[in-house]
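Okay, so here's the structure we're looking at.
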């Protein structure tokens, strides 16, 4: 809002504990709205998994995804990327449960 975006441009806060729950709670919040276009913002290392999950749970909605560059040290960043890769492989292998 400090950058000029109006308060009504933001959705109700979806308090959740994981990315799948983020998507499900977002779906619940927007279910009564019409003609919306979502902008999903996440960390750059988490972007591919967010896309996979949100495109499944919110498949009937228009979405754009933004990956924000993080400032982790290389070792920590690579560990996060490795975790994301394994999580994505798990979703592809076992499906997404929600």
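Numbering (the numbering used here), first residue to last: 84 to 181. From the three backbone atoms N, C-alpha and C, an ideal C-beta is built for every residue, glycine too. Predicted model, so just to flag it, every value in this text is computed and none were measured.
From the DSSP output, in three-state form, read off residue i for me.
{"i": "residue 163", "result": "helix"}
{"i": "residue 145", "result": "strand"}
{"i": "residue 173", "result": "helix"}
Name the residue from the options whose alpha carbon lies nearest to the alpha carbon of residue i.
{"i": "residue 94", "options": "108, 86, 100 and 173", "result": "108"}
{"i": "residue 194", "options": "137, 147, 131 and 146", "result": "There is simply no residue 194 to check, as the chain begins at 84 and stops at 181 in what is shown."}
{"i": "residue 179", "options": "133, 120, 118 and 122", "result": "133"}
{"i": "residue 175", "options": "164, 136, 165 and 85", "result": "136"}
{"i": "residue 120", "options": "164, 146 and 157", "result": "146"}
{"i": "residue 92", "options": "172, 122, 157 and 162", "result": "122"}
Taking 8 Å as the CB-CB cut-off, is residue i touching chain C?
{"i": "residue 153", "result": "This model lacks chain C altogether; it includes just one protein chain."}
Going by DSSP, what residue range makes up the beta strand (DSSP E) through residue i?
{"i": "residue 122", "result": "120-126"}
Mind checking which residues open and close the alpha helix (DSSP H) that includes residue i?
{"i": "residue 137", "result": "130-140"}
{"i": "residue 108", "result": "102-113"}
The stretch 107-114 in contact with the stretch 134-142 per 3-pair CB rule at 8 Å: As far as the Cβ criterion goes, the stretch 107-114 touches the stretch 134-142, which means the pair count is three or higher.
Inter-stretch contact (C-beta, 8 Å, three-pair minimum) for the stretch 146-155 and the stretch 117-134: With a cut-off of 8 Å, the stretch 117-134 and the stretch 146-155 count as touching, because enough Cβ pairs lie within range.
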